[in-house]
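*Asks:*
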Amino acid sequence: MDKLLVWYGELTTNRRLLKRGLMFLSPGMLWLLIFLVLPGLMLIAASFAGRGAYGELEWHFTFENYKRLAGFGIFGWTADYLMIVWRSVWVAFITTIVSVVLSYPLCFFIAGRSERTRYLWLTLVIIPFWTNMVIRAYAWFLILAPELPVAKLAAFLGIVPPGSALYPSVFAVYLGMVSMFLPFVTLPLYSSVERIDWALVEAAQDLYASKVRVFMQAILPQTLPGLSVGVILTFVPAMGMFVVPDLLGGAKYMLVGNLIQQQFGSSRDWAFGAAISIGLMILTMFSLYLYRRKSKGVNLV
Amino acid sequence: MSDEKKDLSIRGINKRFGEVRAVDDVSLEVPAGEFFTLLGPSGCGKTTLLRIIAGLEMPDSGKILLGSEDITTFPATRRQVNTVFQSYALFPHLTVYENVAFGLRSRKFPAKEIDQRVSRRLEILGLEEMGQRRPDQLSGGQKQRVALARALVNEPDVLLLDEPMSALDAKLRAQVQVELRRLQQKLGGTFILVTHDQDEALIVSDRIAVMRDGRVMQAGTPEEVYDLPETQFVAEFLGAANLLSGHIKEGGIETDIGFLKLEKMPAWSKGTVAIRPEWIRIRDQQPETNGIQARIREVIYRGTDFDLWLDPGPIRVRTNTYKRFKTGDKIWLELAPEELVVLNG
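So the protein lines, in turn, are chains A and B. Positions in the first sequence are counted from 1; adding 244 to them yields our numbering. Positions in the second sequence are counted from 1; adding 18 to them yields our numbering.
#1: Whole beta strand (DSSP E) runs in the stretch 390-448 of chain A with 3 or more residues, listed along the chain?
#2: What does A72 (chain B) touch in chain A if you count any residue whose Cβ is under 7 Å from its own?
#3: So, does the CB of A167 (chain B) fall closer than 8 Å to a CB anywhere in chain A?
#4: Just to confirm before moving on: does the CB-CB distance between V335 (chain B) and I300 (chain B) stay below 8 Å?
#5: Using a Cβ-Cβ cut-off of 6 Å (strictly less than) and excluding sequence neighbours within five positions of R138 (chain B), which residues of its own chain qualify?
#6: Using three-state DSSP, classify F277 (chain B) as helix, strand or coil.
#7: Curious, which full-length beta strand (DSSP E) runs of at least 3 residues does the stretch 207-239 of chain B contain?
#8: Nearest by alpha-carbon distance to L143 (chain B): which of B:T337, B:Q162 and B:D154 is it?
#9: Would you list the residues sitting across from V359 (chain B) in a DSSP beta bridge?
#10: Alpha carbon to alpha carbon, how far is F530 (chain A) from F127 (chain B)?
#11: For L444 (chain A), return the contacting residues in chain B, with the cut-off set at a CB-CB distance below 7 Å.
#12: My output table needs one value for Y497 (chain A): the three-state DSSP class, helix, strand or coil.
#13: Which chain B residues are close to P469 (chain A), counting only those with a beta carbon under 9 Å from its beta carbon?
#14: Give the residues of chain B in contact with R537 (chain A), contact being defined as C-beta atoms less than 9 Å apart.
#15: Checking contacts by CB at 8 Å: is R139 (chain B) closer than that to chain A?
#16: What three-state label does DSSP hand F103 (chain B) in the structure shown?
#17: Relative to the alpha-carbon of E146 (chain B), which residue among B:A129, B:A167 and B:E131 has its alpha-carbon at the smallest distance?
#18: Got a sec: which bits of the stretch 77-110 of chain B sit with their beta carbon under 9 Å from any beta carbon on chain A, in order along the chain?
#19: List the whole-angstrom C-beta distance separating T90 (chain B) from K81 (chain B), where the pair is believed to meet the contact cut-off of C-beta under 8 Å.
#20: Would you mind sorting D513 (chain A) into buried or exposed? The rule is 16 or more other CB atoms within 10 Å of its CB.
#21: Quick check: T375 (chain A) and T478 (chain A), are their CB atoms within less than 8 Å of each other?
#22: Please list the partners that A447 (chain A) has in chain B, where partner means a Cβ-to-Cβ separation under 7 Å.
#23: When the cut-off is 8 Å and only beta carbons count, does F35 (chain B) lie next to chain A?
#24: For R313 (chain B), would you say it is in contact with chain A, using Cβ-to-Cβ distances shorter than 8 Å as the test?
#25: For the stretch 302-343 of chain B, which segments carrying the beta strand (DSSP E) assignment without a break, of at least 3 residues, lie completely within its bounds, in sequence order?
#26: Hey, is T65 (chain B)'s beta-carbon within less than 8 Å of any beta-carbon in chain A?
#27: Suppose contacts are defined by Cβ-Cβ distances below 8 Å. Is T66 (chain B) in contact with K33 (chain B) by that definition?
#28: Hey, quick one: how far does the beta strand (DSSP E) through D25 (chain B) stretch, first residue to last?
#29: Just checking: is the beta-carbon of P465 (chain A) within a distance shorter than 8 Å of some beta-carbon in chain B?
#30: Could you list the residues in the stretch 119-140 of chain B with a C-beta less than 9 Å from some C-beta on chain A, going in chain order?
#31: Grab me the residues of L388 (chain A)'s own chain with a C-beta within less than 7 Å of its C-beta, minus the 5 sequence neighbours each way, in chain order.
#32: Just checking: is the beta-carbon of A453 (chain A) within a distance shorter than 8 Å of some beta-carbon in chain B?
#33: Taking 8 Å as the cut-off, does the stretch 213-225 of chain B touch the stretch 194-203 of chain B (at least 3 CB pairs, one atom from each stretch)?
#34: Name the chain B residues that come within less than 7 Å of Q461 (chain A), Cβ to Cβ?
#35: Anything in chain D within Cβ reach of R457 (chain A), meaning under 8 Å, just list it in chain order.
#36: Between Q155 (chain B) and F428 (chain A), what straight-line distance do the alpha-carbon atoms span, to the nearest angstrom?
Here is the structure:
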């Protein structure tokens, strides 16, 4: 343990290195401990507590909250909560898929620009980040308002009755979600697309590959690192999103995020809220686990 | 290769990139079964021409015929032409076996036939043991052979090789050149090689086209282009050459180092004599014809032979004589009239 060794040009011992490493690690670890691990544990504890008459936590151990989440209420079993959870997964899934499908052409378009204009286009992708999410959701109100061409066109085509807005609606929720998360896919994907080895694409063409095969064998494997990051960055927060469905979906389209927000807000049922949060976390981790297994052997970043 | 022998005919191909004429009115005929080399310095258009043949680049004008078929407008996917890329461009996520099977799988060959053909190619190229490895587990030479197998398994009418040796070290390169030549003779297909390495071109080719600025300067067998260069560029690009400019006179040419008798008189009045360093003979006494007295300025030892840099000059002589030469020695040179080539200009 105390053998002398040279570490990047410095004469030192293992023990000293270890001590220094811990010293460097400790601020970050402390931060995570205080703001992630402890609240997490508290959340777990709360999820097994009960609700008092005034919405306070009552510290007695119970599975009641999880039973409610699974649908066993006072009036027998209902699928309401499970439906909300399933819908959240579905919305996150569709949002991710649409974002990916839109990002590919966008990335190829940007990567095909000259060096100078390329960063201009990337900036355009990033600009929405500078605006608050709520403001962006309200911006959709304006765009989808009944007086504007989009809604008028929809009315003309008979999709909505004349004079009505396109929100709140499921369509508006997806629109808002995709616009919210598109840059999260585009930016990491772009970093992969920019580095594509085009010789592989040419090799695939030279070897008689169809367009689909060229994409699957020569482009997709090369962009998988960026794609993976983008998918995770989109899917995980999209599962817990509540601002967009709240504003653009109205009360009609409730997702897990809204449900949790409701428990900690108007319903004042922190214990149940905690249980849903834990449920969402487990579901997210399980999804990521499945995703990792599917894309085995791919190095992230 | 395929049963029917298909000659490749390149007719008046032009390709511009902006202001640059990458390929400038090139016409070449490559008979089936020939090992043909496009030789030239970087930027001479040889790779662009290769990519046009592969279908990875479309020419601005001109035609490409394979056999009797006009393939000019065919995309790469429709051409019975396969390429060994300079970087090899092996698919990193696929095994060696899957890489080699790629083209056959694209064309939906039955699994059994794919297996037979892939296994046979892997065997021919000594890769039987490598089938399950991935490209990043292979050496440079192995990668190159996988790239070769991947192209050859499709039994193309024409195999294109884009500087396939440039990533190999000198010793391996020399070995691979000979192997490539043997492989081509064994399989009997048309190979078109792009290279800037003149030794490589001379070793492997049946015929060589020397290119410069998008044009073919000279095409012919290795002996023709080496022994009878038509231009200074070709003379200097293929091996070393002493170039002596002068005026044509009765029976010879008057150069800076003296009058040289010629066997074949050129049609032009001003010319440049090109003579290879190894063709000049060293004599102790003045020879009967075309004797030049010279003084040794520098002796360069090259292992198998010596290079002598001489005054007047700079004339370069290559000799493998056992005789030791010293700087300052005076020697006689004999430039045999039948070996002198007079270039125009």
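Every residue, glycine too, gets a C-beta built ideally from N, C-alpha and C.
*Replies:* Let me spell this out:
#1: The qualifying runs do not exist here; there are none.
#2: D450, listed in chain order.
#3: A167 (chain B) does not count as touching chain A.
#4: Judged by their CB atoms, V335 (chain B) and I300 (chain B) are nearer to each other than the 8 Å cut-off.
#5: No residues qualify anywhere along the chain.
#6: In this structure, F277 (chain B) counts as strand in the three-state DSSP scheme.
#7: Whole beta strand (DSSP E) segments, 3+ residues: 208-213, 225-230 and 233-238.
#8: Considering only alpha carbons, the answer is B:Q162.
#9: Partner(s): B:A292.
#10: Distance between the alpha carbons of F530 (chain A) and F127 (chain B) is about 40 Å.
#11: By Cβ distance, chain B contributes A107 and F109.
#12: When secondary structure is reduced to three states using DSSP, Y497 (chain A) falls in the coil class, being assigned neither helix nor strand.
#13: Neighbours of P469 (chain A) across chain B, judged by C-beta separation under 9 Å, do not exist; the nearest C-beta is about 12 Å away.
#14: The contact set of R537 (chain A) on chain B, defined by CB atoms closer than 9 Å, is empty, because the minimum CB distance reaches about 17 Å.
#15: No Cβ of chain A is located within less than 8 Å of the beta carbon of R139 (chain B).
#16: It is coil, neither helix nor strand.
#17: Nearest of B:A129, B:A167 and B:E131 to E146 (chain B), Cα basis: B:A167.
#18: Those would be P93, A94, T95, R96, R97, V99, N100, T101, F103, Q104, S105, Y106, A107, L108, F109 and P110, in chain order.
#19: The pair is a contact, with the Cβ atoms about 5 Å apart (cut-off 8 Å).
#20: The residue in question, D513 (chain A), is buried, as its Cβ has 16 or more Cβ neighbours within 10 Å.
#21: The answer is no: Cβ separation not under 8 Å.
#22: Chain B residues near A447 (chain A): F103 and A107.
#23: It does not; no Cβ of chain A falls within 8 Å.
#24: No, because no Cβ of chain A sits closer than 8 Å to the Cβ of R313 (chain B).
#25: Counting whole runs of 3 or more residues, the stretch 302-343 of chain B contains the beta strand (DSSP E) stretches 309-319, 324-329 and 333-337.
#26: Chain A contact via Cβ: absent.
#27: With contacts defined by Cβ atoms closer than 8 Å, T66 (chain B) and K33 (chain B) form a contacting pair.
#28: Looking at the DSSP string, D25 (chain B) is not in any beta strand (DSSP E), and its letter there is neither H nor E.
#29: Interface residue (Cβ-Cβ distance to chain B less than 8 Å): P465 (chain A) is classified as such.
#30: Within the stretch 119-140 of chain B, the qualifying residues are F120, G121, L122, R123, S124 and R125.
#31: In chain order, V394, A395, A409, L410, Y411 and A416 place their CB closer than 7 Å to the CB of L388 (chain A), counting only its own chain and leaving out the 5 sequence neighbours on each side.
#32: Taking Cβ atoms only, chain B reaches closer than 8 Å to A453 (chain A), which makes this a yes.
#33: Touching, yes, given that three or more Cβ pairs across the two stretches are closer than 8 Å.
#34: Near Q461 (chain A) (Cβ distances below 7 Å), the residues of chain B are F109.
#35: Absent here is chain D; the protein component of the structure consists of chains A and B.
#36: Taking the straight line joining both Cα atoms gives about 34 Å.
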